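As numbered in UniProt numbering, residues 1 to 504 make up the sequence shown, in order.
In this text, a Cβ means the ideal position worked out from N, Cα and C, and glycines have one as well.
Source: prediction; values computed, not measured.
Contents: one structure, followed by commentary.
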Amino acid sequence: MDRLPSTAHDSVFRDLSFRDLHNYSKANRNARDIILKFYKRALRVEHVLLPFFTHDEIRRFRILQYTIGFLIAGSTALSFFERVVYPESDLDLYVDSRYTVFLTDFLIDSGFTFHPIRTSHKRQPADITNALEEMERKLQRLIENNNLGDDHEYRWTAIAEVFQFSRNGKSVQVIASGKESLGSPLHIVFDYHSTVVMNVVSYSHAISFYPQATFVDRVTVVNSIATARRDQGPPRAKYEARGWEIRTSLEAADTFNKNSEFGKVDRSVGDKHCWTVPLQPVPDFVPSDMRLGEAYMLFANSWTNEYMGRNGVAIKARPYFVPGLTQSYCLSKRVFSSEFLMFFRSSAVLTPPTSSSTDPLLARFVGDVLRNPVKPSQKDAFIGEVLADAFRASRRNKKSVLLEHKHQVSSLQGQMLQTFLQDLISEELGLPKFIFRFAQNGKGALWTNVDIYLPSRYAPSGEDLVLDENRRSVLLEHRINVDIKVANALNNSLYVEIPSDAKD
Numbered sequence: 001m002d003r004l005p006s007t008a009h010d011s012v013f014r015d016l017s018f019r020d021l022h023n024y025s026k027a028n029r030n031a032r033d034i035i036l037k038f039y040k041r042a043l044r045v046e047h048v049l050l051p052f053f054t055h056d057e058i059r060r061f062r063i064l065q066y067t068i069g070f071l072i073a074g075s076t077a078l079s080f081f082e083r084v085v086y087p088e089s090d091l092d093l094y095v096d097s098r099y100t101v102f103l104t105d106f107l108i109d110s111g112f113t114f115h116p117i118r119t120s121h122k123r124q125p126a127d128i129t130n131a132l133e134e135m136e137r138k139l140q141r142l143i144e145n146n147n148l149g150d151d152h153e154y155r156w157t158a159i160a161e162v163f164q165f166s167r168n169g170k171s172v173q174v175i176a177s178g179k180e181s182l183g184s185p186l187h188i189v190f191d192y193h194s195t196v197v198m199n200v201v202s203y204s205h206a207i208s209f210y211p212q213a214t215f216v217d218r219v220t221v222v223n224s225i226a227t228a229r230r231d232q233g234p235p236r237a238k239y240e241a242r243g244w245e246i247r248t249s250l251e252a253a254d255t256f257n258k259n260s261e262f263g264k265v266d267r268s269v270g271d272k273h274c275w276t277v278p279l280q281p282v283p284d285f286v287p288s289d290m291r292l293g294e295a296y297m298l299f300a301n302s303w304t305n306e307y308m309g310r311n312g313v314a315i316k317a318r319p320y321f322v323p324g325l326t327q328s329y330c331l332s333k334r335v336f337s338s339e340f341l342m343f344f345r346s347s348a349v350l351t352p353p354t355s356s357s358t359d360p361l362l363a364r365f366v367g368d369v370l371r372n373p374v375k376p377s378q379k380d381a382f383i384g385e386v387l388a389d390a391f392r393a394s395r396r397n398k399k400s401v402l403l404e405h406k407h408q409v410s411s412l413q414g415q416m417l418q419t420f421l422q423d424l425i426s427e428e429l430g431l432p433k434f435i436f437r438f439a440q441n442g443k444g445a446l447w448t449n450v451d452i453y454l455p456s457r458y459a460p461s462g463e464d465l466v467l468d469e470n471r472r473s474v475l476l477e478h479r480i481n482v483d484i485k486v487a488n489a490l491n492n493s494l495y496v497e498i499p500s501d502a503k504d
């Protein structure tokens, strides 16, 4: 196939799924290069914008995107990577509320009609100028009173307002985010219902945040941050109808794996887990002084994967803004709490730097933090490695990466066992040895059985330690059975036993 011209490759590859193309690319280096060249030809932003705009309008659209930094997300961003078009879908554009007027002016000038939202709970002004002014008043009220009012439709999100437009039967939604510390366009994406729609297209790049789950495994993992809202069922059902399987839990084998996109780590836009596609710049375009679509600004955003219960992954990103920044950023837990950032925040308040220097400075700082992770203690590193190895072995010979909740060691079980071991183990007294046995009961539920061999210093009398009954009861409730012994019975720190008849 490598001797065929590129046009022949296109006719073969265009009907193949991402998984098929991914598998072919792994054959050898030449196959990988062929697939990369195909994607460079096939993944063009014009393909998803042509249903809504003319070629000349697309040029002006992208120049405006570079200028004010808005994002394409939702079904359109997903269709970019899928190389398909969802005819019934709107074009969803996410923009900082301060720059919304530039985007709405572009749509009105292009012949789109504004359609005010009228429901039993909301009556948007008929004139777009009045609707924008009303949004500004709401945001000002939030800043002054820390309250948008109980009737505000988007009070649990970073959304300030939604504006609907249409032309020739095609609909465009402009979703404005809260300004400054109230959120950013990307923050709205991180509040989405599940991971299948966590993809964005900027001026410079198209980025999928969870490509392995979305395009290889064809699953969408519930975002537990969004489950507090009551409107999450219908959008999840829409993507389930399109072929994605909804997952409400993850395996501990993934969450304890630092090389997984769902690992309990700080993630950043464009990191090694993302699928990042550079986009061709607009030809003969000379940038102005306003450049919110610069790539480094997008890559300065980060988030944290956390697991707090049974509902999927908690995608946590703190909105960050100080005077001098041109926009709000999303920051992961570790970046947001770092000492330098606190100094940066207090310094900016006292002596606001110029915008030309503040955004690059923040971007460099975020990159430095994420490139230099905090080294865990010997105990925490030991526990993490033991659990990662054990949980990876627990899925051996499994056909599916993500199984039903009762057929897996869940992230919640892994978190509970990790917390228990952190309380039990002392570096001063020595590190224990383990035997893990994973077995399924008659109903197919997978149990984690752990024999823990503690050094004799934990119990000088030589007697085995007795596990607190309340703690044992909680562990058993989550299918974890722990037996603690005081002995030096094993040569290796970890032994994992998998029954040969374990069910898939």
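Under the three-state DSSP convention, the category residue i falls into
i	result
Val486	strand
Ile143	helix
Asp266	strand
Asp56	helix
Glu88	coil
Ser224	coil
Leu206	The question names Leu, yet the displayed sequence has Ala at residue 206. Correct three-state label for Ala206: strand.
Phe434	strand
Glu161	strand
Val12	helix
Arg32	helix
Ala439	strand
Thr354	Caution applies to Thr354, whose pLDDT of 46 falls short of 50 and renders its modelled position unreliable; the value that the coordinates give is listed next. If DSSP states are grouped into helix, strand and coil, Thr354 belongs with coil.
Asn311	coil
Val189	helix
Lys398	Confidence at Lys398 is low in this model, with a pLDDT of 46, below 50, so its placement is unreliable and no value can be given for it.
Residue span of the beta strand (DSSP E) that contains residue i, given as start and end
i	result
Glu306	302-306
Ile425	Note, Ile425: premise wrong, no beta strand (DSSP E); not H, not E.
Glu245	245-247
Phe199	First, the amino acid is wrong: residue 199 is Asn here, not Phe. Asn199 -> beta strand (DSSP E) spans 199-201.
Ser177	170-177
Ala73	71-73
Thr214	Per DSSP, Thr214 belongs to no beta strand (DSSP E) and is neither H nor E.
Between the CA atoms of residue j and residue i - distance to the nearest angstrom
i	j	result
Leu454	Val466	12 angstroms
Tyr99	Ile68	6 angstroms
Val174	Arg334	32 angstroms
Ala77	Pro116	25 angstroms
Ile425	Tyr458	9 angstroms
Lys264	Glu294	29 angstroms
Ala27	Glu82	22 angstroms
Tyr320	Asp451	45 angstroms
Arg137	Ile143	10 angstroms
Leu387	Val486	20 angstroms
Ser249	Pro185	27 angstroms
Leu429	Glu463	16 angstroms
Gln378	Ala390	18 angstroms
Lys37	Asp15	16 angstroms
Arg19	Gln440	31 angstroms
Leu350	Pro360	For Leu350, the predicted model reports a pLDDT of 45, less than 50, meaning its position is unreliable and no value from the coordinates is stated.
Phe434	Gly414	15 angstroms
Residue i and residue j closer than 8 angstroms at C-beta
i	j	result
Ala158	Gly183	yes
Ala206	Ala300	no
Ile58	Glu46	yes
Phe114	Phe80	no
Gly74	Val221	no
residue 532	Ile72	This structure leaves residue 532 out entirely; the chain is present only between 1 and 504.
Cys274	His187	no
Leu132	Val172	no
Gln408	Glu251	yes
Leu412	Ile383	no
Trp244	Val277	no
Ser177	Met135	no
Tyr192	Asn223	yes
Ser394	Ala253	yes
Asn481	Asn449	yes
Ala314	Phe190	no
Residue i: first and last residue of the uninterrupted alpha helix (DSSP H) it sits in
i	result
His22	18-25
Tyr296	295-299
Ala253	252-255
Arg44	No alpha helix (DSSP H) holds Arg44; DSSP gives it neither H nor E.
His115	Here His115 belongs to no alpha helix (DSSP H); instead the beta strand (DSSP E) covers 113-115.
Ser473	469-477
Asp271	No alpha helix (DSSP H) contains Asp271, which DSSP labels as neither H nor E.
- Task: At 3 residues or longer, and completely inside the stretch 314-343: list those beta strand (DSSP E) runs for me, N to C.
- Result: You should have 314-316, 318-320, 329-331.
- Task: Run through the stretch 364-396 for me and flag every whole beta strand (DSSP E) of 3 or more residues, listed as ranges in chain order.
- Result: You should have found no qualifying run.
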